[in-house]
Structures are given as C-alpha cells and as structure tokens.
Amino acid sequence: MEGNWRGTGAESEREKNERLMREDIELRMTKGELERYKMDREREREREREKNERLLREDIELRMTKGELERYKAEKEMEKKERMLREQFELLSLKEEKKRMEKEKRTQEEKERRPIRRSAIRTSA
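Using full-length UniProt numbering, the first residue of the sequence shown is number 1, and each one after it goes up by one.
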C-alpha cells in the first residue's frame, strides 16, 4: 500500500475514502487481477510523476534568462544521457549475469553426468 497516514490527522476525508475504496477493491480481486491492478496503478503513478516533472521543468524554463535556459537544458540532457547509460549498463550486467549462471548450470550438469559415465565404463570393462 501507499503511505500510512492513519493516526497522524494528515489524511483528508477524501484521501481516506480513496484509500478505503482501493483496499476494498484489492481485497475482492484474485491474485492475477490484483497484479494487473497494481501494475496499472504503478503506470498511472509513473505517468503522473512524468507529467509533474514536465510541468515543473516548463515552469523553471519560463522563469530563466536565455543563458540560464541553455545551461539548464544542457544539464538536463546530460542527466538524461547518464540515466540511459546507467540503464543500459544495468541491462548488460543482467545479461552477463544470466549467461554466467547458464554456464555454471551447464558445467554443473556436465559434472553430474561425468561420474555416471565413468562408473558405467568401469563396471562394464
């Protein structure tokens, strides 16, 4: 669930009703439905976050001089490139880890098969 506001007095009546409605919906769902519902909510939160970031960025840009704006845009572009590189690196690391694990699995399977073959050869010889 999201933040736990109970008991703090910070939760408005509307927020409380929305939270209770979400909890009620979640309790009535099957596991698969719940997973899809949570994924949809996560996508919705992500879209809302991106929208808020865009609006904040536009507001900041409107308040800047031309030089400040150019520096700000260059900074944001660098941050975007860094984020993309980090994501690519993480993906590459995951792929390498998967390959390593598959190789270890094959090696282990081969080790498990070898003693059987050797013992079979010894008993038949």
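In this text, a Cβ means the ideal position worked out from N, Cα and C, and glycines have one as well.
Everything numeric in this text was worked out from a predicted model, so none of it was measured.
Inset, instruction - Output the distance between the C-alpha atoms of K95 and E13, rounded to the nearest integer angstrom. - result: On the sequence shown, residue 95 is found 95 positions in, with the first residue counted as 1. On the sequence shown, residue 13 is found 13 positions in, with the first residue counted as 1. Taking the straight line joining both Cα atoms gives about 47 Å.
Legend entry - Whole-number beta carbon distance between L34 and E26, since they are thought to touch under 8 Å: Here residue 26 refers to the residue found at position 26 of the sequence shown. Here residue 34 refers to the residue found at position 34 of the sequence shown. The pair is a contact, with the Cβ atoms about 6 Å apart (cut-off 8 Å).
Legend entry - Sub-9 Å separation of E58 and Y72 beta-carbons: The residue you call residue 58 lines up with position 58 of the sequence shown. The residue you call residue 72 lines up with position 72 of the sequence shown. Result no, Cβ atoms of E58 and Y72 do not sit closer than 9 Å.
Inset, instruction - Determine the burial state of E50: buried for a count of at least 16 other Cβ atoms within 10 Å of its Cβ, exposed for fewer. - result: As a first step, residue 50 must be located in the sequence shown, where it is residue number 50. E50 comes out exposed.
Legend entry - Where M64 falls: helix, strand or coil (DSSP): Taking the first residue of the sequence shown as 1, we reach residue 64 at position 64. In the structure shown, M64 sits in coil (DSSP, three-state: anything other than H, G, I, E or B).
Inset, instruction - With DSSP as the reference, label M1 as helix, strand or coil. - result: Locating residue 1 in the sequence shown gives position 1, counting from the first residue. Because M1 carries a pLDDT of 45, less than 50, the predicted location of this residue cannot be relied on, and no value is offered for it.
Legend entry - Straight-line gap, T107 to K98 (C-alpha atoms, nearest Å): As a first step, residue 107 is located in the sequence shown; it is residue number 107 there, counting from the start. As a first step, residue 98 is located in the sequence shown; it is residue number 98 there, counting from the start. Looking at the two C-alpha atoms, the distance is approximately 14 Å.
Inset, instruction - Could you spell out where the alpha helix (DSSP H) holding M21 opens and where it closes? - result: Reading the sequence shown from its first residue, position 21 is the one you call residue 21. In the DSSP assignment, M21 falls within the unbroken alpha helix (DSSP H) covering E13 to R28.
Legend entry - C-alpha gap between R83 and F89, whole angstroms: The residue given as residue 83 occupies position 83 in the sequence shown. The residue given as residue 89 occupies position 89 in the sequence shown. The alpha-carbon atoms of R83 and F89 are separated by roughly 10 Å.
Inset, instruction - Kindly indicate which three-state DSSP category A74 falls into: helix, strand or coil? - result: The residue given as residue 74 occupies position 74 in the sequence shown. A74 falls in the helix class under three-state DSSP.
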